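Peer 1: Structure below; questions to follow.
There are 2 protein chains.
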Amino acid sequence: MSIQLKLTLPDWLSAYLEDGPRFYETPAARMSLAIELAARNVLANTGGPFGAAVFDQRSGLLAGVGVNLVMASGLSLAHAEMLAISIAQQRLGQINLGADGGRWQLVSSAEPCSMCLGGIHWSGVKSVLLSARDEDVRAIGFDEGNKPPNWETALQSMGVNVTRDMLRAESCAVLQAYAQRGGIIYNAGKLGAR
Amino acid sequence: MSIQLKLTLPDWLSAYLEDGPRFYETPAARMSLAIELAARNVLANTGGPFGAAVFDQRSGLLAGVGVNLVMASGLSLAHAEMLAISIAQQRLGQINLGADGGRWQLVSSAEPCSMCLGGIHWSGVKSVLLSARDEDVRAIGFDEGNKPPNWETALQSMGVNVTRDMLRAESCAVLQAYAQRGGIIYNAGKLGAR
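Chains W and R, in that order, give the protein sequences. Sequential numbering of the first sequence, starting at 723, is according to our numbering. Sequential numbering of the second sequence, starting at 723, is according to our numbering.
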């Protein structure tokens, strides 16, 4: 018997990829989608206030989606960026999202935590759009882990284009809504036996 | 239709968990297992020269196993530590591996890359045993990403016990064997369209 690691996206999230191809032509439209995913994740009670997606930079084709599913899946790796990257890799049959002249772009409603920062490195993506800042995420209580202070320039020195603060107020509004609903801030080592 | 992220362990690896409970009582026995997994992964051609496992610190019960399955799975997150942590969380039904007085221990045949370092943070484990050094892994060509220079003390300040250099020569021998076989060094952004 083979052991499988299984992670199922909620139906509402799967629909973005299953209901025919969707295109998001402008950077703002792509970030709006990432923030929309974060907001829907909060409303649907499927997890933390974070959303991410992978797009073809040229056509705007949506190739991967992710939200924070840590509590729903029981897996601490189930962050929005990790899922969006993995779903895109699985659907495209391609590990290196930086192939074809850096074709694929990761868009996230918040700056990456320590794990997702490394996940971005390994995915090979050459373009990253980010919204809420690390400090915004920490302000509602999440512990993002120990990140290299030079993370932005380090990504840039690897040839990754980084754009920050896109629609930051909109993403912060979702973070605030989550905090006000009393959403779980499931920090590392701070949960009970689940 | 729900989209699933799927990752299947090779049969030889699943057997460690499926063939009844196994116990590894000493730290050296646990590290020997992690290195054995790395070596078998190389011989079985299932991936890179890295192995990891999660144990109950008290009884030595094996709760999770992982090897590098990046090429086999097509997912860049499929590192040994990420899988060992995830499989343990899935089997135990418990996200926080630091619960019960820091019960679960992660043992890895090599020091964590930038992604796994964050993965360790989020798993909540309070004890980590490591073998080959970051520099040993880079010496055969892997780009481990941009890690905070103070990663060891940062983990310790979060209450994580870190033991390094355990059976380092044995783990390095596996790294060397992989390099000599011409194993793929699939660095970020350096693969073709797969």
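Even glycine gets a Cβ: it sits at the ideal position worked out from N, Cα and C. Given the structure is predicted, the values throughout are model-derived calculations rather than measurements.
Could you have a look at Ala899(R) and say whether DSSP puts it in helix, strand or coil?
Peer 2: Helix at Ala899(R).
Peer 1: Less than 7 Å between CB atoms is the rule here; does Asp887(W) satisfy it with respect to chain R?
Peer 2: Not closer than 7 Å to any Cβ of chain R, the Cβ of Asp887(W) fails to qualify, so no.
Peer 1: Give me the residue from Asn763(R), Leu731(R), Ala785(R) with the minimum Cα distance to Phe745(R).
Peer 2: When the alpha-carbon of Phe745(R) is set against those of Asn763(R), Leu731(R), Ala785(R), the nearest one is in Ala785(R).
Peer 1: Assuming Pro870(W) contacts Pro834(R) under a Cβ cut-off of 8 Å, what Cβ separation, rounded to an integer in Å, is found between them?
Peer 2: Going by Cβ atoms, the distance from Pro870(W) to Pro834(R) rounds to 14 Å, so no, they are not a contact pair.
Peer 1: Using the beta-carbon count (16 or more within 10 Å), is Ser781(W) buried or exposed?
Peer 2: Ser781(W) is classed as exposed because its beta carbon has fewer than 16 other beta carbons within 10 Å across all chains shown.
Peer 1: Is the Cβ of Ile906(R) closer than 7 Å to any Cβ of chain W?
Peer 2: no
Peer 1: Taking the C-alpha atoms as reference points, what is the distance between Ala915(R) and Gly904(W)?
Peer 2: No answer about Ala915(R) holds up, because its pLDDT of 36 lies below 50 and its placement is not dependable.
Peer 1: Kindly indicate if chain R contains any beta-carbon less than 7 Å away from that of Trp734(W).
Peer 2: So, not an interface residue.
Peer 1: List the residues of chain W whose Cβ lies closer than 8 Å to the Cβ of Glu740(R), in chain order.
Peer 2: Met723, Ile725
Peer 1: Specify the secondary structure class of Asp733(W) as computed by DSSP and reduced to three states.
Peer 2: helix
Peer 1: Quick one: give me the first and last residue of the alpha helix (DSSP H) that Val764(R) is part of.
Peer 2: If you look at Val764(R), you'll find it in the alpha helix (DSSP H) that goes 749-765.
Peer 1: Would you check if there are 3 or more beta carbon pairs closer than 8 Å linking the region 804-814 of chain W to the region 726-739 of chain R?
Peer 2: yes
Peer 1: Which complete beta strand (DSSP E) runs does the region 862-889 of chain W hold, if anything under 3 residues is left out?
Peer 2: 883-885
Peer 1: Is DSSP giving Leu791(W) helix, strand or coil here?
Peer 2: In this structure, Leu791(W) counts as coil in the three-state DSSP scheme.
Peer 1: For Gly922(R), which residues in the same chain have their Cβ closer than 8 Å to its Cβ, ignoring the five residues on either side in sequence?
Peer 2: The structure shown has nothing for residue 922(R), since chain R only spans 723 to 916.
Peer 1: Just the Cα atoms here: how many angstroms apart are Thr748(W) and Ala775(W)?
Peer 2: So the alpha carbons of these two residues sit roughly 14 Å apart.
Peer 1: Under three-state DSSP, which class holds Ser849(R)?
Peer 2: strand
Peer 1: Could you run through the region 773-792 of chain W and flag, in chain order, every residue whose CB is less than 8 Å away from some CB of chain R?
Peer 2: Val792
Peer 1: Residues of the region 801-815 of chain R with a CB closer than 9 Å to any CB of chain W: list them in chain order, please.
Peer 2: His801, Met804, Leu805, Ile807, Ser808, Ile809, Gln811, Gln812, Arg813, Leu814, Gly815
Peer 1: Roughly how many whole angstroms lie between the Cα atoms of Asp858(R) and Cys894(R)?
Peer 2: 7 Å
Peer 1: Can you find a CB in chain R that lies within less than 7 Å of the CB of Arg916(W)?
Peer 2: Because Arg916(W) carries a pLDDT of 34, less than 50, the predicted location of this residue cannot be relied on, and the following value inherits that uncertainty. So yes, Arg916(W) belongs to the interface.
Peer 1: I need the DSSP call for Asp822(W), collapsed to helix, strand or coil.
Peer 2: Helix.
Peer 1: For Ala761(R), I'd like the list of residues in its chain whose CB is within less than 7 Å of its CB, leaving aside the five on either flank, ordered along the chain.
Peer 2: Val896
Peer 1: Could you tell me which chain W residues have their CB closer than 7 Å to the CB of Trp826(R), listed as they occur along the chain?
Peer 2: Within 7 Å Cβ-Cβ: nothing; Trp826(R) doesn't reach chain W, min ~11 Å.
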